[in-house]
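One structure is given below, encoded as structure tokens.
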Amino acid sequence: MNNELSPSQALQRLAALCAKGEHCSGEMREKMRRWGLTEEEREKILDRLVSQKYVDDERFARSFVHDKIRYNKWGRRKIEQALWAKHIDRQTAQAVLDGVDDREYLEILRPLLAGKYPAIKQRPTTSVPRSSSALPSDAASPSNSSAGASTKPDSTALPATLTLPQTMPPTISLWSRMFDLLAPRACQVCGRRLAMTEECLCTACNLALPRTGYHQSARDNELARIFWGRIPVEKCSSFFFYHPHSDVGRLIYLLKYFDHPEVGEDLGRLVAQEYQPSGFFDGIGGLLPVPLTRGRVVRRGYNQSVEIARGISSVTHIPILSGAVRRTRFAASQTHKTPWERNENVAGVFRLVRPSLIVGRHILLVDDIITTGATLVSLGSEVLKAEGVKVSILSLGFSKK
Ligand SMILES: [Zn+2]
């Protein structure tokens with residue numbers, strides 16, 4: 000918005016850009032929008048670029064697909080999603096992808112599978128027992144230091160950034176000391192008394208929760224893939240894997256049904272502290288917690304996703320833009336429905352009421368648990384109606400099927 004260009008300057012600059020490499024019309028539109036050109040000017044310039052063959056979406060798609068297969072070793076679905084995110088229309092993308100020789104895909108796939116095979120074989124033994132069965136013994140162990148030490152050897156999968164001293168508040172005020180003395184806080188998982196520097200969870204329970212680590216590959220992971228072909232998503236992660244009767248399940252239940260909004264804020268702060276060093280929040284211009292209906296907020300007293308967003312915002316200083324979208328009605332309880340019914344149940348329940356709040360921003364949708372993704376697909380497609388918006392997703396739990 001700050002560096003405004005005249006239409007002729009813009010045309011010159013874009014033509015020079017296209018002379019150097021392939022660009023698609025979506026990218027051109029986005030640049031012109033940022034330069035402050037009106038929609039009419041943008042379309043006029045784009046027409047000229049297209050008629051003079053500077054921009055050709057099919058040619059772009061062909062070279063894009065070729066490069067991603069050859070050099071980035073991407074599979075077909077990932078390329079499809081990337082083309083969609085670039086606003087290449089479906090027909091063009093399909094035609095180009097269909098034109099790729101099957102042997103070419105296979106050639107790429109073979110070494111990739113060979114490389115992944117040992118990792119797939121090992122997975123059950125390394126990650127499964129760590130999550131909840133490791134916990135009771137830790138929790139039962141009386142001394143703090145030995146519990147900490149015993150979790151260390153098998154915590155190799157944890158992010159390197161999870162060093163607890165970093166997450167401590169710099170000073171502990173007299174007030175918090177007094178408060179802790181009068182009303183000692185307990186770990187929400189094992190019930191042990193919390194140290195002054197611990198928030199909501201003791202160190203042992205915190206380290207034992209099954210993290211997804213998806214922020215390390217936020218554009219392509221198991222969660223991101225459930226949105227492919229549904230809405231274009233930039234980055235995608237869940238803090239933990241969620242199972243109904245696990246410790247993560249207990250935390251989420253406390254947050255959603257047992258009047259513990261502070262659990263949301265504390266976990267929001269934790270995820271933000273862990274994810275920030277990886278650049279997960281870079282470029283994000285607003286947090287949008289999944290809205291509830293007014294009635295639901297009044298009954299519960301709070302919106303759990305807003306509480307999570309509050310924790311994230313306190314660390315990252317990214318603003319919360321709750322007012323942009325409203326939930327028009329609340330679908331009936333989803334727990335007894337098949338994924339397909341759930342999908343239908345939330346379609347159209349959100350309405351973009353203040354697009355000006357989010358225009359041109361990269362918005363992070365914040366949710367408590369993701370199961371089928373239907374709620375976020377519905378919310379995301381509404382948010383994407385605002386001009387120049389990109390969407391990313393972050394939740395506390397991911398309930399993998
Ligand atoms: Zn604990």
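Using numbering that gives the first Met the number 0, read the sequence shown as starting at 0 and increasing by one per residue. We treat Cβ as the ideally placed atom computed from N, Cα and C, and that holds for glycine.
Name the residue from V95, V270, R249, F397 whose alpha carbon lies nearest to the alpha carbon of R224. F397
Top-ranked residue by Cα proximity to R28, from G20, A18, E39, K19: E39
Just the Cα atoms here: how many angstroms apart are V232 and I369? 15 Å
Within the 7 Å Cβ cut-off, does R58 reach chain D? The structure shown contains no chain D; it is built from a single protein chain.
What whole-angstrom Cβ distance do E57 and V95 have, given they're in contact under 8 Å? 7 Å
Let me check you understand the geometry: is the CB of V262 closer than 6 Å to at least one non-hydrogen atom of ligand 1? no
Run the CB neighbour count on V390, radius 10 Å, all protein chains shown included, and call it buried at 16 or more, exposed below. buried
What did DSSP end up calling C235 once you bin it into helix, strand or coil? strand
Quick one: Cα of H244 to Cα of L208, how far? 13 Å
Is the region 276-287 close to the region 303-322, with three or more CB pairs under 8 Å? yes
Look at the Cβ atom of G35, then the Cβ atom of E3, and state whether they are nearer than 7 Å. yes
Following the continuous beta strand (DSSP E) through H259, name the residue where it begins and the one where it ends. Here H259 belongs to no beta strand (DSSP E), and DSSP marks it neither H nor E.
Whole-angstrom distance between D100 and T371, CA atom to CA atom: 33 Å
Is V376 closer than 7 Å to L351 when the C-beta atoms are compared? no
Three-way DSSP call (helix, strand, coil) for G359 in this model: coil
Sheet register partners of F226 (DSSP bridge): F226 is not bridged to any residue.
Can C17 be considered in contact with ligand 1, in the sense that its beta carbon sits closer than 6 Å to one or more heavy atoms? no
Less than 6 Å between the CB of V188 and some heavy atom of ligand 1, yes or no? yes
Taking 6 Å as the cut-off, is the CB of R191 close to at least one heavy atom of ligand 1? yes
Using C-beta distances below 8 Å, list every residue in its chain close to R192, excluding the 5 sequence neighbours before and after it, in chain order. P183, R184, A185, C186
Go ahead and pull the three-state DSSP assignment for S277. helix
Nonlocal neighbours in the same chain, by C-beta distance under 6 Å from V270, ignoring five residues either side: F238
Suppose you measure from the CA of S394 to the CA of P260; what does that come to, to the nearest Å? 15 Å
Pull up the DSSP beta-bridge partners for A185, would you. R192
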